[in-house]
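In the UniProt record's numbering, the protein residues as written are 1 to 158.
Following this line, the structure appears as structure tokens:
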């Protein structure tokens with residue numbers, strides 16, 4: 001929260017019961033304005049880690065995703081790697097976890113519509129809260145922490 005204040009980033013904070021999946025969050029999401037998100041922690045064929053943030057209801061085409069983000073085949077990262085690199089556990093994944101990540105250790109990709117959205121909702125490093133802030137401000141925070149986020153059109157399965 002200190003970095004949000006230091007950068008003059010407006011946000012709305014909401015506390016709620018713990019949610020671990022998009023399905024569990026639907027009842028809570030209805031009361032919180034803005035674009036809701038889900039996050040995929042991935043590892044590519046070369047061993048690089050990725051955090052891909054997409055709209056909550058998007059079904060990402062994992063076979064087409066590598067071409068869209070510039071890597072080879074991806075699979076889901078292991079929880080141990082997530083904890084080691086981001087300091088979080090499954091259910092609390094958020095681009096804001098990059099505050100604890102070494103620059104270059106994980107590449108963050110924000111879906112292009114979210115990057116342009118006036119308000120996207122993400123976890124504040126725990127799954128018992130939601131922070132709403134502009135997509136552009138998420139990118140600004142990531143850059144402030146030394147990361148080089150990508151904005152991409154993410155392939156979706158219909």
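Using N, Cα and C, we set each Cβ at its ideal position, and we do this for glycine too.
Taking only three categories from DSSP, how would you classify residue i?
i, result
"residue 23", "helix"
"residue 135", "helix"
"residue 53", "strand"
"residue 104", "coil"
"residue 16", "coil"
Taking only the alpha-carbon atoms, compute the straight-line gap between residue i and residue j and give it to the nearest angstrom.
i, j, result
"residue 89", "residue 6", "27 Å"
"residue 84", "residue 123", "18 Å"
"residue 128", "residue 71", "33 Å"
"residue 39", "residue 8", "25 Å"
"residue 144", "residue 3", "9 Å"
Can you give me the Cβ contacts of residue i inside the same chain, cut-off strictly under 7 Å, excluding the 5 residues immediately before and after it?
i, result
"residue 125", "88, 92, 94, 96 and 97"
"residue 73", "44, 45 and 66"
Among the residues of its own chain, which have a CB less than 8 Å from the CB of residue i, if the five just before and after it don't count?
i, result
"residue 136", "115 and 116"
"residue 140", "7 and 9"
Over what stretch of residues does the alpha helix (DSSP H) that includes residue i continue unbroken?
i, result
"residue 9", "Taken as a continuous stretch (DSSP letters only), residue 9 belongs to no alpha helix (DSSP H), as it is neither H nor E."
For the segment 11–26 and the segment 70–84, state whether three or more C-beta atom pairs, one from each stretch, are separated by less than 8 Å.
-> no
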